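Novice: Pasting in a structure now, in structure tokens, and then I'll have a few things to ask.
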Amino acid sequence: MLATAEGAPIPGDTVDADAALEELYAAHYAGLVRMAVLLLRDQGLAEDVVQDSFVAMHGRWGRIDPAKAPAYLRQTVVNRARSALRHRTVVARHRPEPLPDGAPADESVLRTEQRSTVLDALAELPTRQREVLVLRHYLDLSEADIAATLGISKGAVKSHASRGAAALRTRLSMEEHS
Amino acid sequence: MTGPTNTGDDDLRRLLDDAVAGVQPHGTLADIRARTDQETPMSKRWFFPTLAVAAVMAAVVGGAFWLLDDDQKLAPSGTPTHTVPSDKPSTSGSAGPEEVAGRAVPVYYVGDTAHGKKLFREFHRISAPSAGEIAGPAVGQVLGAKPADPDYVNLWSGLYDGTYDVTTSQDLITVDLRGDLHDRPAGMSEGDAELAIQQLIYSAQAGLGQGRVPVQLLINGKHTDTILGVPASEPLAAVDPDKVQAPVQIDSPSDGDEVSGTFTVTGRAATFEANVVWELKQGDTTIKDGFTTAQECCTLSPYSFQVTAPPGTYTLVVHDTDESGGGRPVNQDTKEITVQ
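Note that the protein sequences, when read in sequence, are chains A and B.
All the letters of the first sequence, read from the start, carry residue numbers 1 to 178 under the numbering used here.
All the letters of the second sequence, read from the start, carry residue numbers 179 to 518 under the numbering used here.
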């Protein structure tokens, strides 16, 4: 029913890069945007960062091991998200709802508030702790993969993970009681 | 590896999943491609060898399907007249907000449940204005598009083939239909006619995104006492979602989607003790299964969970639980998906 990508080989680097981009987009775009929303608390910025990362990957395609492309993409998004945060001059602490839904009319207000609470709490954590928590608990990466993605030691991953988890839990329970 | 000792972190996993489960990413491959084309001007036209199916219908949200729209048009301004989107997007209009190819548009279709026919929601990625409300495109999908899930039907299929107007304000959505729609067509049951009207109401309201705004239906620009035999002189309200919507629905992935080895399933369920059970099947064999809970019990509310599976083609089944143990009907939604 569905033709396979292998069924239509088209020679040439550009086409390879394009084909790879197509596949990677289909497999990872939505997930990376969601991950970036966790890191940035801002969907528009998250989409920009992820799109920039795809463009950057496409530009360097000849120099990337295709098998490692998803990891490369992930790392690019994390790095770019970090610099986007650094360069954002004003971080309004309680910005308006950052999550325009396909069907906002259909989702409960409660739901939206809970999401915002989690994103707010994440945004208040130190950058490294937030990155480690997201890579570990949202992407389910191993400690070794997180260490490689962030360029830090496994021991550092462990300590950021436990401190981040404790801090996040504390913030969320404080929210609940306030 | 997080290892088996970290079960205490499941709450974090769920919190993070939940926090972004409702994010419907905007931006399409076309956006990215427009920029890579600038770097590599020799880049060829795109082909979509694995996505042939997408060409025959509106692309569906979920990450794997999208529609690359060759002839993006400017959206009409003011009170647009739309044509039923059988193949091309609306071509009328002059200046207005720019259209994007991949806007997620909510649309309601009809499927069977243990409690009879109910509404199910899908998201279609279609050309739509890049910002603002999308009640018009949502109505267009009801009147002229096919559901992506073959388990669903569109009660408007074959009924409508014309233009329509949708105008919106804070407190009223007006949907102006054309043609001979006053009476219930032969062969359509009263229940189906009412569900067809609810398809329009729910889709228009979801597209507007301002809550349950009443919907005034017109025929040929005029008020009418009935549409499809359903009283329609006054603005109509949505029927209580717990009565008219299917109690277990999968929003994402969509039927036919290709997903990565670890993927997130989102949807809504109204179940006993908020229990939601899922299975990933190949034929009659269950490859993976698990359970989660919806946000709230007993009323339609969001759920999400993650699945990791080896490459292959599967049927994803999400269902409620038979809490009595006594043969209570089980409601479910299913999606055929491919794990890459």
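Each residue gets a CB set at the ideal place from its N, CA and C atoms; glycine is no exception.
Every value quoted in this text rests on a predicted model; they were computed, and no experiment measured them.
Count the other C-beta atoms from every protein chain shown that fall within 10 angstroms of the C-beta of Asn398 of chain B, then say buried if there are 16 or more, exposed otherwise.
Specialist: Within the second sequence, numbered from 1, the residue matching residue 398 of chain B stands at position 220. By the 10 Å Cβ count, Asn398 of chain B comes out exposed.
Novice: Chain A beta carbons: is any one of them nearer than 9 Å to that of Val198 of chain B?
Specialist: Translated into the one-based positions of the second sequence, residue 198 of chain B becomes position 20. Judged by the 9 Å Cβ criterion, Val198 of chain B is in contact with chain A.
Novice: Rounded to a whole number of angstroms, what is the C-alpha to C-alpha distance between Pro284 of chain B and Lys296 of chain B?
Specialist: Looking up residue 284 of chain B in the second sequence gives position 106. Looking up residue 296 of chain B in the second sequence gives position 118. Their backbone Cα atoms lie some 16 Å apart in a straight line.
Novice: Ordered along the chain, which non-local residues of its own chain (more than five positions away) have a Cβ less than 6 Å from that of Pro219 of chain B?
Specialist: As a first step, residue 219 of chain B is located in the second sequence; it is residue number 41 there, counting from the start. Note that Pro219 of chain B scores a pLDDT of 32, beneath 50, so its modelled location is shaky; the value from the coordinates is reported in the next line. Within the same chain, Pro219 of chain B has no close Cβ partners at all.
Novice: Note down the Cα distance separating Ala148 of chain A from Leu38 of chain A, rounded to an integer number of angstroms.
Specialist: As a first step, residue 148 of chain A is located in the first sequence; it is residue number 148 there, counting from the start. As a first step, residue 38 of chain A is located in the first sequence; it is residue number 38 there, counting from the start. As the crow flies, the alpha-carbon of Ala148 of chain A is around 20 Å from that of Leu38 of chain A.
Novice: Starting from Lys400 of chain B and walking both ways along the beta strand (DSSP E), at which residues does that stretch end?
Specialist: Residue numbering aside, residue 400 of chain B sits at position 222 when the second sequence is read from its first letter. For Lys400 of chain B, no beta strand (DSSP E) encloses it, and the DSSP letter there is neither H nor E.
Novice: Nearest-angstrom Cα distance between Leu406 of chain B and Asp327 of chain B?
Specialist: Along the second sequence, one-based indexing puts residue 406 of chain B at 228. Along the second sequence, one-based indexing puts residue 327 of chain B at 149. Distance between the alpha carbons of Leu406 of chain B and Asp327 of chain B is about 25 Å.
Novice: Decide if Thr463 of chain B is buried, meaning its Cβ has at least 16 other Cβ atoms within 10 Å, or exposed.
Specialist: For the purposes of this step, residue 463 of chain B is taken as residue 285 along the second sequence, with counting starting at 1. Answer is exposed; the Cβ neighbour count stays below 16.
Novice: Is there a Cβ of chain A sitting closer than 9 Å to that of Glu436 of chain B, yes or no?
Specialist: Within the second sequence, residue 436 of chain B is the residue found at index 258, counting from 1. It does: the Cβ of Glu436 of chain B has a partner Cβ on chain A nearer than 9 Å.
Novice: Around the Cβ of Asp467 of chain B, are there at least 16 other Cβ atoms within 10 angstroms (buried) or fewer (exposed)?
Specialist: The sequence position of residue 467 of chain B within the second sequence is 289, counting from 1. Classification for Asp467 of chain B: exposed.
Novice: Counting pairs of Cβ atoms below 8 Å between the segment 73 to 82 of chain A and the segment 46 to 54 of chain A, do you hit three or more?
Specialist: yes
Novice: Any Cβ of chain A within less than 9 Å of the Cβ of Asn462 of chain B?
Specialist: As a working mapping, residue 462 of chain B is identified with position 284 in the second sequence. The residue you asked about is not Asn; residue 462 of chain B is Asp in the sequence shown. For Asp462 of chain B, the answer is no, since every Cβ of chain A falls outside 9 Å of its Cβ.
Novice: Looking only at C-alpha atoms, which of B:Thr206, B:Gly439, B:Val417, B:Ala447 sits nearest to Pro70 of chain A?
Specialist: For the purposes of this step, residue 70 of chain A is identified with residue 70 of the first sequence, where counting begins at 1. Residue B:Gly439 is the option with its Cα nearest to Pro70 of chain A.
Novice: Contact criterion: CB-CB distance below 9 Å. Does Arg136 of chain A meet it with respect to chain B?
Specialist: Taking the first residue of the first sequence as 1, we reach residue 136 of chain A at position 136. Interface residue, yes.
Novice: Roughly how many whole angstroms lie between the Cα atoms of Leu395 of chain B and Leu190 of chain B?
Specialist: Taking the first residue of the second sequence as position 1, residue 395 of chain B is located at position 217. Taking the first residue of the second sequence as position 1, residue 190 of chain B is located at position 12. Distance between the alpha carbons of Leu395 of chain B and Leu190 of chain B is about 46 Å.
Novice: Smallest Cα separation from Arg446 of chain B: which of B:Cys476, B:Thr486, B:Pro409?
Specialist: For the purposes of this step, residue 446 of chain B is taken as residue 268 along the second sequence, with counting starting at 1. Ranking B:Cys476, B:Thr486, B:Pro409 by Cα distance to Arg446 of chain B puts B:Cys476 first.
Novice: Which residues share a DSSP beta bridge with Ala535 of chain B?
Specialist: The displayed coordinates of chain B run from 179 to 518. Any statement about residue 535 of chain B would go beyond what the structure contains.
Novice: With DSSP as the reference, identify every bridge partner of Ser430 of chain B, one or two as the case may be.
Specialist: One-based indexing of the second sequence puts residue 430 of chain B at position 252. Looking at the DSSP assignment, Ser430 of chain B forms a beta bridge with B:Thr444.
Novice: When DSSP labels each residue in this structure, what does Lys324 of chain B get in the three-state scheme?
Specialist: To locate residue 324 of chain B, count along the second sequence from 1; it is residue 146. Residue state, collapsed to three classes: coil.
Novice: Tell me which residues of the segment 59 to 80 of chain A have at least one Cβ-Cβ distance to chain B shorter than 7 Å, keeping chain order.
Specialist: Gly59
Novice: Which term fits Gly461 of chain B, buried or exposed, when burial requires 16 or more other beta carbons within 10 angstroms of its beta carbon?
Specialist: Taking the first residue of the second sequence as 1, we reach residue 461 of chain B at position 283. Classification for Gly461 of chain B: exposed.
Novice: For Gly322 of chain B, count neighbouring Cβ atoms within 10 angstroms of its own Cβ and tell me buried if that reaches 16, exposed if not.
Specialist: The residue labelled residue 322 of chain B in the question sits at position 144 within the second sequence. The Cβ neighbour count for Gly322 of chain B, taken over all protein chains shown within 10 Å, is at least 16; the residue is labelled buried.
Novice: Any C-beta of chain A sitting closer than 9 Å to the C-beta of Ile210 of chain B?
Specialist: As a first step, residue 210 of chain B is located in the second sequence; it is residue number 32 there, counting from the start. It does; some Cβ of chain A falls within 9 Å.
Novice: Assuming Ala19 of chain A and Trp61 of chain A make a contact with CB atoms under 8 Å, what is their CB distance in whole Å?
Specialist: Here residue 19 of chain A corresponds to residue number 19 of the first sequence, with the count starting at 1. Here residue 61 of chain A corresponds to residue number 61 of the first sequence, with the count starting at 1. Not quite, the Cβ-Cβ distance comes to about 10 Å (not below 8 Å), so this is no contact.
Novice: Just to confirm, is the Cβ distance from Gly31 of chain A to Leu141 of chain A under 9 Å?
Specialist: In the first sequence, the residue the question calls residue 31 of chain A occupies position 31. In the first sequence, the residue the question calls residue 141 of chain A occupies position 141. For Gly31 of chain A and Leu141 of chain A, no; Cβs fall outside 9 Å.
Novice: If we ignore side chains and look at the alpha-carbon of each, how far apart do Leu172 of chain A and Asp188 of chain B end up?
Specialist: In the first sequence, the residue the question calls residue 172 of chain A occupies position 172. In the second sequence, the residue the question calls residue 188 of chain B occupies position 10. Each residue's alpha carbon lies about 15 Å from the other.
Novice: Taking the CB atoms as reference points, tell me whether Val393 of chain B and Ala382 of chain B lie closer together than 9 Å.
Specialist: As a position in the second sequence, residue 393 of chain B is number 215, starting the count at 1. As a position in the second sequence, residue 382 of chain B is number 204, starting the count at 1. Yes, they are a contact pair.
Novice: Quick one, which of B:Glu412, B:Lys400, B:Ala416, B:Ala472 has its alpha-carbon nearest Ile428 of chain B's?
Specialist: For this step, residue 428 of chain B is matched to residue 250 along the second sequence. Looking at the Cα atoms, B:Ala472 is the closest of the given residues.
Novice: Quick one: what does DSSP say Asn332 of chain B is sitting in, helix, strand or coil?
Specialist: Position 154 of the second sequence, counted from the start, is the residue given in the question as residue 332 of chain B. It is coil, neither helix nor strand.
Novice: Check for me: the alpha helix (DSSP H) holding Ser308 of chain B runs from which residue to which?
Specialist: Taking the first residue of the second sequence as 1, we reach residue 308 of chain B at position 130. No alpha helix (DSSP H) contains Ser308 of chain B, which DSSP labels as neither H nor E.
Novice: Keeping to the same chain, check which residues put their C-beta closer than 7 Å to that of Ile146 of chain A; ignore five residues upstream and five downstream.
Specialist: Here residue 146 of chain A is taken as the residue at index 146 of the first sequence, counted from 1. When the five nearest sequence neighbours on each side are left out, the beta carbons in the same chain lying within less than 7 Å of the beta carbon of Ile146 of chain A are those of Val132, Leu135, Arg136, Val157, in order along the chain.
Novice: Would you mind listing the beta strand (DSSP E) stretches within the segment 458 to 509 of chain B that are 3+ residues and don't spill past its ends, in chain order?
Specialist: The qualifying runs are 463 to 471, 479 to 486, 490 to 497.
Novice: Counting C-beta neighbours from all protein chains within 10 Å, is the total for Ser305 of chain B 16 or more, i.e. buried, or is it exposed?
Specialist: Walking along the second sequence from the start, residue 305 of chain B turns up at place 127. With 16 or more other Cβ atoms within 10 Å, it is buried.
Novice: Note down, in chain order, each residue of its chain lying with its Cβ closer than 7 Å to the Cβ of Ser482 of chain B, except the 5 sequence neighbours on either side.
Specialist: The count along the second sequence starts at 1 and reaches residue 482 of chain B at position 304. Sequence-distant Cβ neighbours of Ser482 of chain B in its own chain, meaning closer than 7 Å and more than five residues away, are Asp195, Asp196, Ala199, Thr442, Val443, Thr444.
Novice: Relative to the C-alpha of Thr516 of chain B, which residue among A:Glu22, A:Leu21, A:Ala26 is closest?
Specialist: For the purposes of this step, residue 516 of chain B is identified with residue 338 of the second sequence, where counting begins at 1. Of the candidates A:Glu22, A:Leu21, A:Ala26, the one whose C-alpha sits nearest the C-alpha of Thr516 of chain B is A:Ala26.
Novice: Anything in chain A within Cβ reach of His204 of chain B, meaning under 7 Å, just list it in chain order.
Specialist: In the second sequence, residue 204 of chain B corresponds to position 26, counting from 1. Here the neighbours are Glu47.
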